[in-house]
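Here is the structure we will look at, set down as structure tokens.
Protein chains: 2
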Amino acid sequence: MAIIEALQTAPTGTSKPLEDVLEALNFNEAGLIPAVAQQYDSKDVLMLAWMNRESLEETLNTGRVCYFSRSRQKLWRKGEESGHLQHLVEMRIDCDGDTLLLLVDQTGPACHTNHPNCFYLLVEGRKVTVTAASPD
Amino acid sequence: MAIIEALQTAPTGTSKPLEDVLEALNFNEAGLIPAVAQQYDSKDVLMLAWMNRESLEETLNTGRVCYFSRSRQKLWRKGEESGHLQHLVEMRIDCDGDTLLLLVDQTGPACHTNHPNCFYLLVEGRKVTVTAASPD
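Listed in order, the protein sequences are those of chains A and B. Just so you know, we're using the numbering used here here: the first sequence kicks off at -12 and counts up by one. Just so you know, we're using the numbering used here here: the second sequence kicks off at -12 and counts up by one.
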């Protein structure tokens, strides 16, 4: 954390080696960190998933987003079954080193339900409403 | 979860009572769910924080965003010390009922470091760079 705390008050343009920052990231007790995926041009928030250190490094090395599936307990190369890949445009890390923001270019729908993104349930007063149709 | 699974394939416009959906939300073992805050007009992702059932209900009831602070283990009415409030414009729930998206109107900087949002650390090749200046 020390390096990430130091960056909280550092001037714009200050840089640190990636390796040192990755070492200081705040993975949880399961070794995971939440990653928010946002479509880089529309700025729509697509989904939230989790990464471990290995999936994070693979994502940076390949430019194709790889998460860690908590249900399957293994690397999850987004789109490996659906073809709905995410290409990484930019990765950002938050102030406390405990969340990632992925600016991505999403191929096809981001959500496994075939909605364009996962946030199709809208809270309206005392109801929750489905807001986007699934494709055929 | 059954109600949330049913909504995954429901047509656009389908509604369920809020209370039933809240009961089915997938809070983690600590009783928390991650909430992504996004500025409603610029669509900038501001931060990720956590809510428990009580903070979620308070947020919906008051229209002012309240999180649960994991470090302080208590309700955290965003801006209660800094004055940097978040007004809730819209709340969305994801496909699996395990993440919230809050469209908010942020007063002042969202980040406790006084950056406009928490994602000011940019990964560039093998470096991490501070991208936004703190105000004076």
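Using N, Cα and C, we set each Cβ at its ideal position, and we do this for glycine too.
By alpha-carbon distance to Ala(-7) (chain B), the top candidate from A:Asp81, A:Val110, A:Gly112 and A:Thr100 is A:Thr100. Every beta strand (DSSP E) stretch that sits fully inside the segment -4 to 67 of chain A and reaches 3 residues is listed by chain position as 2 to 4, 20 to 26, 32 to 38, 53 to 56 and 61 to 64. Within 9 angstroms of the CB of Arg51 (chain A), no CB atom of chain B is found; the nearest one sits about 15 angstroms away. Taking a contact to require three or more Cβ pairs closer than 8 angstroms, the segment 44 to 60 of chain A and the segment 73 to 91 of chain B do not qualify as touching. With 16 or more other Cβ atoms from the protein chains shown falling within 10 Å of its own Cβ, Gly84 (chain B) counts as buried. Each of B:Thr86, B:Ala(-11), B:Thr49 and B:Thr(-1) was checked against the Cα of Asn15 (chain B), and the nearest Cα belongs to B:Thr86.
Within chain B, the residues Val32 have their CB atoms less than 7 angstroms from the CB of Gln25 (chain A), given in chain order. Using a C-beta cut-off of 8 angstroms, the segment 93 to 111 of chain B makes contact with the segment 60 to 71 of chain B, since at least three inter-stretch Cβ pairs fall below that distance.
In the structure shown, Leu(-6) (chain B) adopts helical secondary structure according to DSSP, grouped into three states. Just so you know, the alpha carbons of Ala11 (chain A) and Lys3 (chain B) end up roughly 43 angstroms apart. Close to chain B, meaning a Cβ-Cβ distance shorter than 9 angstroms, are the following residues of the segment 72 to 87 of chain A: Glu77, Met78, Arg79, Ile80, Asp81, Cys82, Asp83, Gly84, Asp85, Thr86 and Leu87. Neighbours of Val115 (chain A) in chain B, taken as residues at a C-beta separation under 7 angstroms, are given in chain order as Ser2, Lys3, Leu5, Val8 and Ile80.
Of the candidates A:Gly18, A:Leu88 and A:Ala(-11), the residue whose Cα lies closest to the Cα of Lys61 (chain A) is A:Gly18.
Here Ser42 (chain B) has Cys53, Tyr54, Phe55 and Leu62 as same chain residues with Cβ atoms under 7 angstroms from its own Cβ, once five neighbours each way along the sequence are excluded. Inclusion of Leu33 (chain B) and Gln93 (chain B) in the CB contact set at 8 angstroms is warranted, their separation being smaller than that value. With respect to chain A, the C-beta atom of Gln93 (chain B) has no partner C-beta closer than 8 angstroms. Note that the C-beta distance between Val23 (chain A) and Leu109 (chain A) is not below 8 angstroms. His102 (chain A) and Trp37 (chain A) have their C-alpha atoms spaced approximately 20 angstroms apart. Counting only Cβ-Cβ distances below 8 angstroms, Ala119 (chain A) has contacts in chain B at Thr(-1), in chain order. If you draw a straight line from the Cα of Ser58 (chain A) to the Cα of Glu67 (chain A), it is about 16 angstroms long. Nearest CB-CB separation between Leu62 (chain A) and chain B: not below the 8 angstroms threshold. The C-beta separation of Lys114 (chain A) from Leu5 (chain B) comes to about 6 angstroms, placing the pair in contact by the 8 angstroms criterion. Here the C-alpha atom of Thr(-1) (chain B) lies approximately 25 angstroms from the C-alpha atom of Thr46 (chain B). Pairing Ile80 (chain B) with Ile20 (chain B), the inter-Cα distance amounts to about 11 angstroms.
In the DSSP assignment, Arg79 (chain B) falls within the beta strand (DSSP E) that extends over Gln73 to Ile80.
Minimum Cα-Cα distance from Glu111 (chain B) among the listed residues A:Asn13, A:Asn48 and A:Cys82 corresponds to A:Asn48. With respect to the C-alpha of Asp28 (chain A), the residue from B:Asp31, B:Asn104 and B:Thr118 having the closest C-alpha is B:Asp31.
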